[in-house]
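Novice: So that we are looking at the same thing, I have put the structure below in structure tokens.
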Amino acid sequence: MEGRVYQELRIFSGNAHPELAQSICHYLETPLGECEVFEFSNENIFVRIHENVRARDVFIVQPMVSPVNTRVMELLIMIDAFKRASAGRVTAVVPYYAYGRSDKKDQPRVPITARLLANLIETAGADRLLTVDLHAGQIQGFFNIPVDELTALYMISRYFKDKELTDVVVVAADEGASKRARNVGQSLKAPLAIIEKRRVANDEQAEVLNVIGDVRGRQAIVIDDEILTGSTLVEGAAMLKEQGATAVYAGVTHAILSGNATERIEESCIEELIVTDTIPLPPEKRISKITVLSMAPFIGEAISRIHTGRSVGELFHMPSDKEAEEALTPIRGTGSRATG
Ligand code: R5P
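Just so we're aligned, residue 1350 is where the sequence shown starts under our numbering, counting upward by one.
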């Protein structure tokens, strides 16, 4: 089936992030598809599609955000409903893929839940997955269906480029973020430093041990894929200041901001935190230090390219400036920036 051009493109949303689905539809100049997804009093989820989707090219927008397990079940049940309604092809658009940190057996007798989720999505009947900045790129290999992984890093780099910061050092929030940070560093023509961090237990507490690299007298931009408790970022920023950084900024794709993470960011020495809208940010988390960039034009562009069989690769990685300009020309001027 891969390679054929499907009938009409239709976008549907579960209950995870209807605003993002609407913004994607706005970019694609297409109305959001009609369906309802709700829970009965026994917590059983029900899905009803209110239009004919036979042979259509269906994209279901559903990041795995709080309440995560409910949103995952909604996604699976939606995929099932669309397959049973004879959709031509179903793409799960999951801008935030949860359980990404559970991607290996790094302790005895633990699950690999990121893999289990991949199996569930496939078993439900998805034909493709479109996602943004997986915790580890290797999660793509948990799927036997095509996976397109977009990155927010190009947009985050461009934001910092436009700020015209001087004497910048790009800092990986931990060893796992070093490749992403190096790519941002290359794009900003800035050196790289790495925060050495360890987790001693499964209690979400990160211990920042050291900074590898010279940050003295420089403005640091910390790069990470997600913020959960804020511990990595806040402790890391304090350590960077201790080691002589003149200012600390951060660019992170997925703003989970659990518990009191927002307050911790507010009270920290971080000047500005750039995140994206892969996860909805409720009003109480929209503090002036947090700037939200929209991934909707990138996701919309990727959907359009998947639908018409054009390359999505140009949007995957950190392209050279020239390639990026060409690939992103249609994305410019779409009002992609929404400030916290
Ligand atoms: C972990 O390896 C991730 O890349 C992030 O650094 C982590 O999820 C951040 O979590 P927290 O904000 O709780 O420190």
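Where a beta carbon is used, it is the ideal one built from N, C-alpha and C, also for glycine.
State the beta-bridge partners of V1661 as determined by DSSP.
Specialist: None; V1661 has no bridge partner.
Novice: Within the continuous beta strand (DSSP E) that includes K1729, where are the two ends?
Specialist: Here the chain covers residues 1350 to 1689 and nothing more, so residue 1729 does not appear.
Novice: If I measure Cβ to Cβ from E1615 and keep anything under 8 Å in the same chain, skipping five residues before and after, which residues do I get?
Specialist: Closer than 8 Å at the Cβ level, and outside the excluded window around E1615, lie I1636, K1638.
Novice: Inspect the CB distances between the stretch 1516-1523 and the stretch 1486-1503 and report whether three or more fall short of 8 Å.
Specialist: Counting Cβ pairs under 8 Å, fewer than three are found: no touch.
Novice: Can you determine whether any heavy atom of the ligand R5P sits closer than 7 Å to the C-beta of L1577, and answer yes or no?
Specialist: L1577: yes, Cβ under 7 Å from the ligand R5P.
Novice: Would P1691 and T1627 be called neighbours here (beta carbons separated by less than 8 Å)?
Specialist: Past the edges of the chain, shown from 1350 to 1689, lies residue 1691, and the structure says nothing about it.
Novice: Could you tell me which of L1381, V1661, S1643 sits nearest to E1650, measuring between CA atoms?
Specialist: Comparing Cα-Cα distances from E1650 to each of L1381, V1661, S1643, the minimum goes to V1661.
Novice: In chain order, which alpha helix (DSSP H) runs of at least 4 residues are fully inside the stretch 1589-1617?
Specialist: List check, alpha helix (DSSP H) in window: 1610-1616.
Novice: Roughly how many angstroms separate the alpha carbons of A1447 and V1414, rounded to a whole number?
Specialist: The alpha-carbon atoms of A1447 and V1414 are separated by roughly 7 Å.
Novice: Taking 7 Å as the cut-off, is the C-beta of R1450 nearer than that to any heavy atom in the ligand R5P?
Specialist: Within the cutoff, so yes.
Novice: How far does the alpha helix (DSSP H) with N1418 in it reach, from first residue to last?
Specialist: N1418 -> alpha helix (DSSP H) spans 1417-1433.
Novice: In angstroms, rounded to a whole number, what distance separates the CA positions of V1564 and Y1598?
Specialist: So the two alpha carbons sit approximately 13 Å from each other.
Novice: Tell me which residue opens and which closes the beta strand (DSSP E) that S1643 is part of.
Specialist: Where S1643 is concerned, there is no enclosing beta strand (DSSP E), given that its DSSP letter is neither H nor E.
Novice: Please specify which runs of the beta strand (DSSP E), each continuous and at least 3 residues long, are wholly inside the stretch 1440-1499, giving them in chain order.
Specialist: Complete beta strand (DSSP E) runs here, min 3: 1477-1481, 1496-1499.
Novice: Let's test the definition: count the other Cβ atoms within 10 Å of the Cβ of D1455 and tell me whether it reaches 16, buried, or not, exposed.
Specialist: Under this definition D1455 is an exposed residue.
Novice: Mark S1435 as exposed unless 16 or more other C-beta atoms lie within 10 angstroms of its C-beta, in which case mark it buried.
Specialist: When all chains shown are included, S1435 counts as exposed.
Novice: Just to confirm, is the Cβ distance from E1575 to T1602 under 8 Å?
Specialist: A contact, by the Cβ cut-off of 8 Å.
Novice: Return yes when at least one heavy atom of the ligand R5P lies under 7 Å from the C-beta of L1630, else no.
Specialist: No, Cβ of L1630 sits at least 7 Å from all heavy atoms of the ligand R5P.
Novice: Could you check the C-alpha separation between E1385 and N1551 for me, to the nearest Å?
Specialist: E1385 and N1551: Cα-Cα distance of roughly 37 Å.
Novice: Quick one: what does DSSP say A1564 is sitting in, helix, strand or coil?
Specialist: The amino acid at residue 1564 is misidentified as Ala; the sequence shows Val. Note: V1564 maps to coil in three-state DSSP.
Novice: Take T1578 and list the residues in its own chain whose beta-carbon comes closer than 7 Å to its own, dropping the five residues that flank it on each side.
Specialist: The residues are E1553, S1607, G1608, A1610.
Novice: Quick one: what does DSSP say I1572 is sitting in, helix, strand or coil?
Specialist: Strand.
Novice: Using a threshold of 7 Å, is the CB atom of S1637 nearer than that to any non-hydrogen atom of the ligand R5P?
Specialist: Result no, Cβ not under 7 Å from the ligand R5P.
Novice: In the DSSP assignment, find the alpha helix (DSSP H) that holds A1404 and state where it starts and stops.
Specialist: Per DSSP, A1404 belongs to no alpha helix (DSSP H) and is neither H nor E.
Novice: Starting from S1536, follow the alpha helix (DSSP H) in both directions and report where the run begins and ends.
Specialist: Where S1536 is concerned, the enclosing alpha helix (DSSP H) stretches over 1527-1537.
Novice: Is G1363 near the ligand R5P - that is, is its Cβ less than 7 Å away from at least one heavy atom of it?
Specialist: No, Cβ of G1363 sits at least 7 Å from all heavy atoms of the ligand R5P.
Novice: I'd like the list of long-range same chain contacts for K1634, defined as Cβ closer than 6 Å, with 5 residues on each side in sequence excluded.
Specialist: L1606, T1611.
Novice: With 16 other CB atoms within 10 Å as the buried threshold, where does F1361 fall?
Specialist: Burial call: buried.
Novice: What distance in whole Å lies between the Cβ atoms of Y1355 and R1438, which are believed to be in contact at a cut-off of 8 Å?
Specialist: With a Cβ gap of about 5 Å, R1438 and Y1355 count as contacting.
Novice: Can you look up K1546 in the DSSP assignment and give me helix, strand or coil?
Specialist: Looking at K1546 - three-state DSSP - the assignment turns out to be strand.
Novice: Use the C-beta contact count for M1350: other C-beta atoms within 10 angstroms, 16 or more gives buried, fewer gives exposed.
Specialist: Low confidence applies here, because M1350 scores a pLDDT of 46, under 50, leaving its location unreliable and the question unanswered by this model.
Novice: From this set, G1562, E1357, H1375, which residue's C-alpha is nearest F1647's C-alpha?
Specialist: It is H1375.
Novice: When burial is assigned at 16 or more other CB atoms within 10 Å of the CB, is D1516 buried or exposed?
Specialist: Classification of D1516: exposed, given that the 10 Å Cβ count is below 16.
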